[in-house]
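Heads up, the thing below is written out as structure tokens.
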Amino acid sequence: MKLDIVFAGVGGQGIVVASDIFCEAALLDGWDVAKAEVHGMAQRGGSIVAHVRIGDNVQAPLIEKGKADMILGFEMLETARTLSMLSKNGTVLVNTKYISPSTYFDTSKKSLTSEKLFMMLQENAKRLFTVDGQSIAVKLGNLRVVNTVLLGAFSTLLEDSIQIESLKKAISDRLKDKHVAVNLKAFQFGREQVVLS
Amino acid sequence: MPSKISLNKPGSYLLLNGDEAVARGAIEAGVKLAASYPGTPSTEILEAIADVAKKFGIHAEWSINEIVALEVAAGSSMAGLRSIVSMKHVGLNVASDAAMTLAYTGVIGGLVIAVCDDPAMHSSQNEQDTRYFSPHSDLPLFDAGNPQEAKDMIVEAFEMSERLELPVIVRLTTRVAHGKGKVKIGAIKSLSRKAAFDKDPKRWVMVPSNSIKRHRVLKQKLRKAKELVNKSKFNLIEDNKKEIGIVGSGIGYYYARSVVDTSMFSWLKLGLVYPFPLELFKKFSANIKKIFVIEELKPYVENQVKYAHPEVLGKQRLGLNEIGEFSPDILKDVFVRLGLSEKLEIRADLELPSRPPVLCPSCPHRAFFYALNSARQFVNCDPKRCVGCVVCEYACSLVKEKTFNPGKSRIKTIRLNPLSNIAVACRVCEDPACIQACPEGALIQSEEKGVIRVDEAKCNGCGWCIESCEYGALTLHSGSGKIIVCDTCDGEPACIKWCPESALSLKGKNKDKIVTGDIGCYTLGFMPPVEALQSCLCMGAGISQAAGMFHAGVEDKVFAVIGDSTFFHAGIPGLLNIAYNQANVCVVILDNRVVAMTGHQPTPGSGINALGEKTKMISIKDITRAVGIEKVEVVDPYDLRGTQKVIRDILDYNGPSVIISERPCPLRVEKGKIREISDECNSCGVCVEAFGCPAISINANLAEIDPTLCYGCGVCEQVCPFDVIRSKEQ
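Going down the list, the sequences are from chains B and Y.
All residue numbers for the first sequence refer to our numbering, where the first residue is 1 and numbers rise by one.
All residue numbers for the second sequence refer to our numbering, where the first residue is 1001 and numbers rise by one.
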């Protein structure tokens, strides 16, 4: 077994924590695991990509271009940016949120919209799933649970390789006690509200 | 949640990043003291140790800088205890004065220096290769390629350090330090040593007569180390009886293995690379036709082996770069070029706008930089909006002259109806033509704001200045017959408030000053649209570069910005130097009470130590006074007007000065009231194009604040010329 996953989004969206939880769950299920992430210069607002590799024997944490089985996108522009990582038959699951980069004065690029980004993703992914993490998080009254909503949605695509119970245990282990209940709820909402586009 | 690195179940597996693995290795080795200064990607080593320090009786500290950290560790090791010091690659430059001579004295308790290099400079100012520090200092060096190796090497490095009585370096790179992997843990050693110092001056007092002897001792130790490296378990041959042998060090070796069928080659993994295991290499390469050397950055291994085998392919012949980091893709290309692997079709990268690193929303550094950029301002008019209604003239005359009389206004409307209309006020030029034109010497430019002041006693109303001004911004007062000119009403011009078409706004300028910087979040202030600083060399450099520019005789006022932690690390000597040598430089200490960029470690000014306990709070203000700075001002950068006032005052001041800009990092405190923008917004763009808060964007001709990104500092409210930003109703 080999599963290479790219997590992509914007600093502050909880990508580091979500990919950590995912890796811990893979470890609980007995897989070899390697993960690479770069803590860029900015604490918030820059591009963040994490490479997660699980399988029987993983040599190194970075994924080759064109070999990622899946992309879990937290933000649409950053997801589109990593499409060259995706394999021909790759799957993308994306949070339907576009955070425009602070490049307004760059007028040539002004015309980028979430609709255009969505088209790009649809053209390049063999299967594209979407989830509106933001709305679910608003419904739960906590904007910081978007990442567990996405993990929940993602878990529906992984049932052969990672067990739901392992993910839930990893969430409970990784987060502070007072945040566990709302995140488990978010995880469940994500599972229920993922849509195949 | 108890820290997982304290788990005492030898043989079980943990998911650890390279830094945590180093921490675990140190705990297994029975370390008793850990010292460090934060620096990406090494920071998490000390954080992980500090988490369990009490449990294992370890003294863990954030030292003031890397050389202090190494000296603290050296002291503890001289007293017989195992000690670890961790830093990023450039930190080793700071510590190298101590390290070079510590190689002569040697150590008693094991001393390990964990150093994290940053190929590709994800978060650094250079990409030096620490492996070359070892031939320079004669300190043995391990090079870790994954977290498991990092953990195991630390344990081994402590053993080796005590056997040789020599500090030992363990080197990681960013992808190892911040990459996670499965790590099999070992037993935790418990050493019950009593700290004691054996006063042996011949060994510890490094004066020439003693040093020469200790240098000989060092060379003897190296001979002993050479025997160890050829037998080390970290230098490993995988002999597949093939014609091509691949030799590698660090993570590059594993990338190579991940992109080819490993059975096609023989392999030599080098983990203990100084002293170099040349005998082992000779044994490996004896029956091999071609050797490929795979290593990031400099050709260290290549230079060691190139005369030991007739066919060594290294950087040049494999087409591998000394600049930047490796990736599986880069190595795949090498094997494809040589016909040893198949090319894979991949999608081209899409053309998309970049998302560069920026200062966070609510960052007090942005607020300060905005104040600095806009300390000299003028009233600007958008001709597309101006309808030539002259309301501005009435507003001006009312405020300045208590009368509605456009003839006494300092702003002038020019009507070319229906073609164009525009209002003109003084532009606070750099080298004003009006001043040169005045035959009476009646005009002077104020240093603080740049506004033109008129000496009414001297002005005779000749009007030469009016002729000389290319903007047509000066006017004769209709009553007195003397010149009048806009003074921007101290930053709150009435004309802007009154303009019914929102055509007027305050524009800032930053061309009258030089701003040097150094390493920290605030370095990001060089990026557009803030563009407030113009240099970054190394920790603390900005202060002394600014002094050098002043002594060289630059005309502009020089400011040096430095963060609180960087000030404690490397700024104090520079500040003392400008006081001693009387440089007309303003040092701005951006005090956010935390080492923000590396992930919020405490500073001496925070009153908290590495374990999160209360400790003595060190006052930056007291230090600045103590080193001899007489002019010290404290500002709150969220108060734009107050900050600008102080900056203008400093622009006028001649001599060494300090501004301390105090505001905690917003990521560490409760959010303020989220702001929103009303639909009266006319999309003038100041909040985005000049202030540059990433929480604000302009969509469909309205500025918008993303409530999930806004931290509620409210500075945008002060920046908005049209008062359309306000607190959101909760």
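Quick reminder that beta carbons are idealized off the backbone N, C-alpha and C, glycines included.
Since this is a predicted model, take the numbers as computed values, not measurements.
query, result
"Unbroken alpha helix (DSSP H) runs of length 4 or more, entirely within the region 1340 to 1381 of chain Y: which are they?", "1364 to 1373"
"Apart from the five residues on each side of it in sequence, which residues of its chain come closer than 7 angstroms, Cβ to Cβ, to Y/Val1031?", "Ile1058, Arg1082, Ser1083 and Ile1084"
"What residues of chain Y sit near B/Ala8, judged by a beta carbon separation below 8 angstroms?", "What B/Ala8 touches in chain Y: nothing, since even the nearest Cβ is about 11 angstroms away."
"Can you give me the Cβ contacts of B/Lys97 inside the same chain, cut-off strictly under 6 angstroms, excluding the 5 residues immediately before and after it?", "Glu75 and Gln134"
"Scan the region 1336 to 1355 of chain Y for residues whose Cβ lies nearer than 8 angstroms to a Cβ of chain B and list them as they occur along the chain.", "Leu1344, Glu1345, Ile1346, Arg1347, Ala1348, Asp1349, Leu1350, Leu1352, Pro1353, Ser1354 and Arg1355"
"Taking Y/Leu1015 as the query, report the chain B residues whose CB atoms sit under 9 angstroms from its CB, ordered along the chain.", "Asp20, Cys23, Glu24, Ala26, Leu27, Val33 and Lys35"
"Could you tell me whether any Cβ in chain B is nearer than 9 angstroms to the Cβ of Y/Arg1175?", "yes"
"Could you tell me which chain Y residues have their CB closer than 7 angstroms to the CB of B/Ser47, listed as they occur along the chain?", "Arg1355"
"With a cut-off of 9 angstroms, does the C-beta of B/Arg44 fall near any C-beta of chain Y?", "yes"
"Assuming the contact rule is C-beta atoms closer than 8 angstroms, Y/Gly1540 and Y/Gly1571 should be a hit. Round their C-beta distance to whole Å, please.", "5 angstroms"
"Check the Cβ of B/Met119 against every Cβ in chain Y and list those closer than 9 angstroms, keeping chain order.", "Under the 9 angstroms cutoff, chain Y gives no residues; its nearest Cβ is about 11 angstroms from B/Met119."
"Over the uninterrupted beta strand (DSSP E) stretch that includes Y/Lys1384, give me the two end residues.", "Unbroken run through Y/Lys1384: none, as it is neither H nor E."
"Within 9 angstroms of any Cβ in chain Y, is that where the Cβ of B/Tyr104 sits?", "With a pLDDT of 49 at B/Tyr104, under the threshold of 50, the predicted position of this residue should be treated as unreliable, though the coordinate-derived value follows. Yes, B/Tyr104 counts as interfacial toward chain Y."
"Throw me the rounded Cβ distance for the Y/Asp1455 and Y/Ala1442 pair, which I believe falls under 8 angstroms.", "5 angstroms"
"When the cut-off is 9 angstroms and only beta carbons count, does B/Ile99 lie next to chain Y?", "yes"
"Whose Cβ in chain B lies nearer than 9 angstroms to the Cβ of Y/Asp1117?", "By Cβ distance, chain B contributes nothing, its closest Cβ being about 14 angstroms from Y/Asp1117, past 9 angstroms."
"Which chain Y residues are close to B/Glu64, counting only those with a beta carbon under 7 angstroms from its beta carbon?", "Val1259, Pro1328, Asp1329 and Lys1332"
"Between the region 1041 to 1050 of chain Y and the region 1086 to 1100 of chain Y, do three or more beta carbon pairs fall short of 8 angstroms?", "yes"
"Check for me: the alpha helix (DSSP H) holding Y/Ala1187 runs from which residue to which?", "First-last for Y/Ala1187: undefined, no H or E at that position."
"Using the C-alpha atoms, what's the distance from Y/Glu1127 back to Y/Tyr1580?", "34 angstroms"
"Whose C-beta lies closer than 6 angstroms to the C-beta of B/Gly12 among residues of the same chain, with five residues either side of it excluded?", "Arg44"
"Answer yes or no: does any C-beta atom of chain B fall closer than 9 angstroms to that of Y/Ser1263?", "no"
"Compare the beta carbon distance of B/Leu128 and B/Thr156 with 9 angstroms and say whether it is the shorter of the two.", "no"
"Please report the distance separating the alpha-carbon of Y/Asp1329 from that of B/Phe187.", "34 angstroms"
"May I have the straight-line CA-CA distance separating B/Phe22 from B/Ser172, to the nearest angstrom?", "12 angstroms"
"Going by DSSP in three states, Y/Arg1663 sits in which element: helix, strand or coil?", "coil"
"Going along the chain, which residues of its own chain have a beta-carbon closer than 7 angstroms to the beta-carbon of Y/Ile1623, five neighbours each way excluded?", "Ile1572"
"Return the chain-ordered list of same chain residues with a C-beta closer than 7 angstroms to the C-beta of B/Leu151, the five sequence neighbours on each side being excluded.", "Ala18, Ile21, Phe22, Leu167, Phe187 and Gly190"
"I want to verify the contact list: residues of chain Y whose CB lies under 8 angstroms from the CB of B/Asn183, in sequence order.", "Per Cβ cutoff of 8 angstroms: no residues; B/Asn183 is ~14 angstroms from chain Y at best."
"Under the three-state reduction of DSSP, which class applies to Y/Ile1489: helix, strand or coil?", "Correcting the residue type first, residue 1489 of chain Y is Cys in the shown sequence and not Ile. Y/Cys1489 falls in the helix class under three-state DSSP."
"Is it buried or exposed for Y/Lys1241, if we count other Cβ within 10 angstroms and need 16 for buried?", "exposed"
"For a quick check, are the C-beta atoms of Y/Val1229 and Y/Pro1147 less than 9 angstroms apart?", "no"
"Assuming contact is defined by CB atoms lying nearer than 9 angstroms, are Y/Val1635 and Y/Ile1659 in contact in what I supplied?", "yes"
"Between B/Val58 and chain Y, is the shortest Cβ-Cβ distance under 9 angstroms, so that the two count as touching?", "yes"
"Check Y/Asn1235 in the structure and name its three-state DSSP category.", "strand"
"Kindly provide the ranges of any alpha helix (DSSP H) runs that are 4 or more residues long and lie completely inside the region 19 to 83 of chain B, ordered along the chain.", "76 to 81"
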